[in-house]
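*Asks:* Sending over a structure as structure tokens; questions will come in a sec.
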Amino acid sequence: MLFQDRTAAGQFLAESLADYANCSDVLVLALPRGGVPVAFEVAKALNVALDVLVVRKLGVPDNQELAMGAIASGGVRVLNQDIVKQFNISDGVIDKITVQEREELERREQLYRGDRPFPDLQARTVILVDDGLATGATIWAAILALRQQRPARIVVAVPVAAPETYQDLIGKVDKIVCSATPSPFYSVGRWYQNFPQTMDEEVRELLAIATENQRSLFLST
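To convert a position in the sequence shown, counted from 1, into my numbering, add 716.
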């Protein structure tokens, strides 16, 4: 399967999440930045609220696309020990990269949320959305961060995932919804015709539209 872009992928993914439509206790949480356009379409189709959970990949030195781990809101850090050992990455290097990525995480949280508090997740079903899963480091950091907030259920929803990453997540969340698990996988971007970098301004704009849509719905009911 080849998606035209993140918007089309989100629209297609939403069809498999129809059971969650119009449920006031459901919240779609996007992983910025690439997950936001996908999640926006999911939240719009389901008529539920949208927010973000900021996660930062810890890239291997000299190969930033390869994740040796990830950090997330709430002080969560996870490491892929196989990658760390394979590239012989020292604790000092890991800590240095963590500090750098923590600064960027905090910058993005302020940019996307401002003074708006993180939503209360207790007794809610959270649909965690990204544009795809490769190593799974970022999604696992996000899951650990979410567990600290004690939601009722965690659902991971992505258009595409590496088969081994998909299998690894089975049993670690309440449900996984994935449109395609191609093999060989190569990379997330391989399965999109158009896969430009999502910019901060697009994230802010989509979040603002989603918030206004939910406000309008609330006032009309």
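A virtual CB, placed ideally from N, CA and C, is assigned to each residue, including glycine.
(1) Below 8 Å on the Cβ atoms is my guess for Val-876 versus Val-904; work out the distance and round it to an integer in Å.
(2) Please state if the CB of Leu-762 and the CB of Ala-725 are separated by a distance shorter than 8 Å.
(3) Less than 8 Å between the C-beta atoms of Leu-766 and Ala-788, yes or no?
(4) Roughly how many whole angstroms lie between the Cα atoms of Gln-930 and Tyr-736?
(5) Taking the alpha carbon of Phe-719 as the reference point, which residue from Leu-923, Lys-891, Arg-906 has its own alpha carbon closest?
(6) Identify, in the order they occur along the chain, each residue of the same chain with its Cβ nearer than 6 Å to the Cβ of Val-771, setting aside the five sequence neighbours on each side.
(7) Based on DSSP bridge pairs, tell me the residues matched to Asn-779.
(8) Please state the DSSP three-state secondary structure of Leu-837.
(9) Would you identify the three-state DSSP class for Asp-767, choosing helix, strand or coil?
(10) Distance check for Glu-917 and Cys-894, CA to CA, integer angstroms please.
(11) Roughly how many angstroms separate the alpha carbons of Glu-757 and Gly-848, rounded to a whole number?
(12) Pick out whichever of Arg-793, Val-794, Asp-811 has its Cα sitting closest to the Cα of Pro-777.
(13) Would you kindly report the start and end of the unbroken alpha helix (DSSP H) that includes Lys-760?
(14) Taking the continuous beta strand (DSSP E) assigned at Leu-745, which residues delimit it?
(15) Could you name the residues that DSSP lists as bridge partners for Leu-849?
(16) Please list, in chain order, all residues of the same chain as Gln-909 whose beta carbon is under 8 Å from its beta carbon, the five residues on each side excluded.
*Replies:* To lay it out plainly:
(1) 6 Å
(2) No, the pair does not count as a contact, with Cβ atoms beyond the cut-off.
(3) no
(4) 16 Å
(5) It is Arg-906.
(6) Leu-747, Ala-786, Ala-788, Thr-854, Ala-857, Ala-858
(7) Within the DSSP bridge table, the entry for Asn-779 names Val-776 as partners.
(8) coil
(9) strand
(10) 27 Å
(11) 15 Å
(12) Asp-811
(13) 751 to 762
(14) 742 to 746
(15) Ala-877
(16) Leu-718, Phe-719, Gln-720, Asp-721
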